[in-house]
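To convert a position in the sequence shown, counted from 1, into the numbering used here, add 26.
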Amino acid sequence: MSRSSIMAPKPERRLTNMMLSSFSIGGKSENDSTTEKETIARKPSCSGNASVCRLEHSFSQSELSHFNSSSENSSSLNELQSDFVHLHSIKVHSKTAIHLDPHDESKEGFQFRSLCASREKSSKIVLVVPSIDLDGKELRRMCDCIEFYEERQLYHLLLANDPSVRIIYLSSNQVDERVVGYYLGLCRENGSNQTNPNLDPMCDVHQMLSRVLMIHVPSSERISLSEKILKQRNLIGFLRNVVRSPFNGHQVGGSSNPSVGLSVFTGSDSLDILSRNLGIRLLEASGDHLHYGTKQGSREIFAECGLTFPRGTPDLPADDDLLSFGNRHSQEKAYWAHNHRYIRSARELSIGIARQIALGTHPTKWVVKLNQGFSGKGNASVDLRKIQSSTLPIPEMAMQIERELETMKFEDKSMTWNGDGNRVGYKTQIERLGVIAESFIEGEVPTSPSVQAVIEPNCETVGGRVSLISTHEQLLDGQVYCGCINPASDKYREKIMEMGLKVGKKLAARGVVGHFSVDFLANQTRDGSWNVNALEINLRQGGTTHPHATMALLCGGCICSDGLFRTNDGEVRTYIATDTHCNPKLKGCSESQLVDAIENKTNSLANTIRWNKDDGVGVVFHLFKFVERHGRIGFTAIGRNEEEAKQLYEAAVRFLDAFGDTTNIENKA
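In structure tokens:
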């Protein structure tokens, strides 16, 4: 089947819509006896464990009338969004007292009262904490405003499309009210009468606004959002009472009740603590399992699964003597290692490479990767062909390799071996985070596909159900991730899906839950066949998660056994997404100005790309926070086939260019 294929026979069984079941926090359903074959091709379900169950929200009559639409009350979207921020946004400082008395008349008391009222025992709340809990020094080396990436998780707001769900979204920076309104305006409420010409087009936004609570947790400290939250005792107390809902004579929440889930970007020790403090389930991997998302942990899983992956070091158990715990008293050790040992010095790395060379591994270059690097910016390469041609004993060869490591080329151009006063050096990061080296895989026109999956928890035994949710071609600048195309090429799509399932089953057997993805390198051989090597496991949500989630929540449907995403009506959907579209013209343009331009129905370019609710195609923007300071924006172009998605993508680029021109003229005037 060609990549641009639109229609295909509608399968009788498809995958569960994992973008919903990843928020389905309960255990197995009564009829859950999925076989391995069915894991690839399940029929989508909107009931039971695959749905987000009902949670009511009630206002007093005066509050409710404020949102009701009528001929006398024709508030604009801007006014509604302003009201929303006033009523449904809380800014929390270290000394903020959040009242928990349901009879309290303060704004905070209203938030608590309105969220907890009319709860049913089967209700669900999604608590979103988009904390970027990766290594702080690596993050700051890459970006001076890493908190902006928290807004990739704003796709959760699309869950408010379902009347049965409530969302509590915490963030380091206040989310612009226009951006919140933009997301909620993308979809209609499930079950609303879309054919009624008398239906107020704002009605759905009115109702969805009442289902979302935004909490802003500012701090001058350069720490993650999860750490900020843990320092706010009043906030934790407020959240604990909300999720446990002591109204209506019953308590919802606690570790034994699966009605509330903590959705995060990546697991961490801090989020484990928060989950325990709130008594709710963490929906991603715990801190104890993070080793399997490191470069070394990935190689261990690949070896156990019998997958093809590059030769390299450490090559356990041969390199066991090269591994160490590092500084056992450091915070980084506590977060990343969890009693796992890594190569932590240039000397140890050089010995490991020398051993591989002695075994006959002679690539044109070696790829060196920090164990906890991400987006490819912890990678480097070094040419050792001169040393590989020698017949030196391993100790002498290792000494030469160690000297050559200082000449390696870094994917992050700002990185140096020794560092400087402003930036940490690669050598120091090796000591802190550990490192691996792999032989560079040769081949003409290599591609970088990936597969994404979710491990659903099994409350009864260790080992959840693995469900594939998407495949992609990764768009890279060197080894740095920039965006993706869905789906992956049909030349090897089935193969990477099979390999992804093997990895998922191995992770599930170790008790891992939540999102994971596997990155591959595919090379075409002279006979036309394809060699596929597994490269690494990302044990978290990643750059391919929010584009897929956006499409799945807006279009409805799931991936089928052929790897294509189909809506509930059997129509194919594909997308092209980027996090890194940069245009200097966008600098100085505000988030609200961009939203206004997108929603301007007199703008022909905007009309071309704006999300079409009826057709289920169009462009959805994200990462608005980067626009004003960096001239950067992300977006996902969703089409019926790859060609339509490409056309929408290119139209979005033209729209942004024209928007930058117009807005700069207006701002200067």
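Quick reminder that beta carbons are idealized off the backbone N, C-alpha and C, glycines included.
Cβ neighbour criterion (16 or more within 10 Å) applied to residue i
| i | result |
| --- | --- |
| Asp295 | buried |
| Ser416 | exposed |
| Cys608 | exposed |
| Pro475 | buried |
| Asp346 | exposed |
| Arg68 | Because the pLDDT at Arg68 is just 37, under 50, the model does not fix this residue reliably, and the value given afterwards should be weighed accordingly. By the neighbour-count rule (16 or more Cβ atoms within 10 Å), Arg68 is buried. |
| Gln87 | Because Gln87 carries a pLDDT of 26, less than 50, the predicted location of this residue cannot be relied on, and the following value inherits that uncertainty. Looking at its Cβ environment, which holds fewer than 16 other Cβ atoms inside 10 Å, Gln87 is exposed. |
| Gly447 | exposed |
| Ser440 | exposed |
| Ala548 | buried |
| Thr628 | exposed |
| Phe351 | exposed |
| Arg370 | buried |
| Arg259 | exposed |
Closest residue to residue i among the options (Cα-Cα distance)
| i | options | result |
| --- | --- | --- |
| Val268 | Ala372, Leu304, Ser246 and Met434 | Leu304 |
| Glu482 | Asp683, Ser245 and Ala311 | Ala311 |
| Phe291 | Leu375, Asp341 and Phe542 | Phe542 |
| Gln179 | Lys611, Asp446, Leu288 and Leu431 | Leu288 |
| Val544 | Gly319, Arg429 and Ile172 | Gly319 |
| Ile383 | Glu422, Gly504 and Glu597 | Glu422 |
| Ser515 | Pro472, Gly211, Tyr209 and Gln322 | Pro472 |
| Leu502 | Asp202, Asp605 and Val539 | Asp605 |
| Lys563 | Glu253, Tyr181, Ser246 and Phe335 | Per the sequence presented here, residue 563 reads as Ile, with Lys not at that position. The residue with the shortest Cα to Cα distance from Ile563 is Phe335. |
| Glu464 | Gly378, Thr593 and Gly657 | Gly378 |
| Ala623 | Val205, Trp556, Gly469 and Lys257 | Val205 |
| Leu184 | Arg237, Asp202, Asp409 and Ser157 | Arg237 |
| Glu680 | Asn633, Lys412, Gly642 and Glu617 | In the sequence as presented, Glu is not what sits at residue 680; that position holds Arg. Nearest option by C-alpha distance: Asn633. |
| Val477 | Val558, Arg325 and Val643 | Val558 |
| Phe466 | Pro389, Ser555 and Asn693 | Pro389 |
| Asp170 | Glu670, Leu674 and His656 | His656 |
| Lys412 | Lys439, Ala380 and Trp556 | Ala380 |
| Ala479 | His498, Glu470 and Glu468 | His498 |
| Pro610 | Leu160, Lys639, Asp595 and Ile659 | Ile659 |
| Gln550 | Arg259, Ile585 and Glu470 | Glu470 |
Spatial neighbours of residue i in its chain, beta-carbon cut-off 6 Å, leaving aside the 5 residues before and after
| i | result |
| --- | --- |
| Val286 | Ile151, Val269, Gly279 and Ile306 |
| Thr662 | Pro573, Thr576, Tyr601, Ala603 and Val646 |
| Glu56 | Caution is warranted here: a pLDDT of 33 is assigned to Glu56, below 50, making its placement in the model unreliable, and the coordinate value is therefore given only provisionally. If we look at Glu56 and ignore the five residues flanking it on each side, it has no Cβ neighbours. |
| Gly5 | Because residue 5 is not part of the residues shown, which for the chain are 27 to 695, the question remains open. |
| Tyr208 | Val621 |
| His315 | Val538 |
| Gly211 | Val231 |
Range covered by the alpha helix (DSSP H) that runs through residue i
| i | result |
| --- | --- |
| Arg178 | Neither: Arg178 is in no alpha helix (DSSP H) and is coded neither H nor E. |
| Arg703 | Residue coverage of the chain in this structure runs from 27 to 695, which leaves residue 703 outside it and unanswerable. |
| Ser618 | Glu617 to Glu625 |
| Pro472 | No alpha helix (DSSP H) holds Pro472; the beta strand (DSSP E) holding it covers Glu470 to Thr473. |
| Cys608 | Note, Cys608: premise wrong, no alpha helix (DSSP H); beta strand (DSSP E) at Val598 to Cys608. |
| Lys150 | Element bounds for Lys150: not the alpha helix (DSSP H) but the beta strand (DSSP E), Lys150 to Val155. |
Beta-carbon contacts of residue i that lie in its chain and below 8 Å, excluding the five residues immediately before and after
| i | result |
| --- | --- |
| Ala684 | Leu631 |
| Phe174 | Asn199, Leu649, Lys651 and Phe652 |
| Leu418 | Gln426 |
| Ile158 | Leu165, Ile172, Glu173, Tyr175, Glu176, Ser250, Leu251, Phe291 and Thr292 |
| Glu524 | none |
Pairwise C-alpha distance: residue j and residue i
| i | j | result |
| --- | --- | --- |
| Tyr361 | Val155 | Since pLDDT at Tyr361 reaches only 45, below the 50 mark, its modelled position is unreliable, and the value read off the structure follows with that caveat. Cα to Cα, Tyr361 sits roughly 18 Å from Val155. |
| Leu349 | Leu297 | 28 Å |
| Leu561 | His242 | 37 Å |
| His329 | Arg337 | Before going on, a small fix: residue 329 reads as Ala here, not His. Taking the straight line joining both Cα atoms gives about 11 Å. |
| Val394 | Asn405 | 6 Å |
| Arg519 | Gly589 | 7 Å |
| Ser250 | Ile420 | 43 Å |
| Asn690 | Asn626 | 17 Å |
| Arg367 | Leu565 | 18 Å |
| Gly509 | Gly568 | 11 Å |
| Lys321 | Arg552 | 30 Å |
| Glu670 | Ala678 | 12 Å |
| Leu187 | Tyr195 | This sequence places Asn at residue 187; Leu is not what is there. Approximately 15 Å between the Cα atoms of the pair. |
| Thr571 | Leu256 | 26 Å |
Residue range of the beta strand (DSSP E) that includes residue i
| i | result |
| --- | --- |
| Leu494 | Arg491 to Asp503 |
| Asn512 | Val506 to Asn512 |
| Tyr209 | Element bounds for Tyr209: not the beta strand (DSSP E) but the alpha helix (DSSP H), Glu203 to Leu210. |
| Phe661 | Arg658 to Gly665 |
| Glu430 | Not the beta strand (DSSP E): Glu430 falls in the alpha helix (DSSP H), residues Ile420 to Leu431. |
| Ser296 | Counting along the chain, Ser296 falls outside any beta strand (DSSP E), though it belongs to the alpha helix (DSSP H) covering Asp295 to Leu304. |
Close beta carbons around residue i, own chain, < 7 Å, minus the five adjacent residues each side
| i | result |
| --- | --- |
| Cys720 | For residue 720 there is no data in the structure shown, the boundaries of the chain being 27 and 695. |
| Asn693 | Gly614 |
| Gly644 | Ile635, Arg636, Trp637, Asn638, Ile664 and Leu674 |
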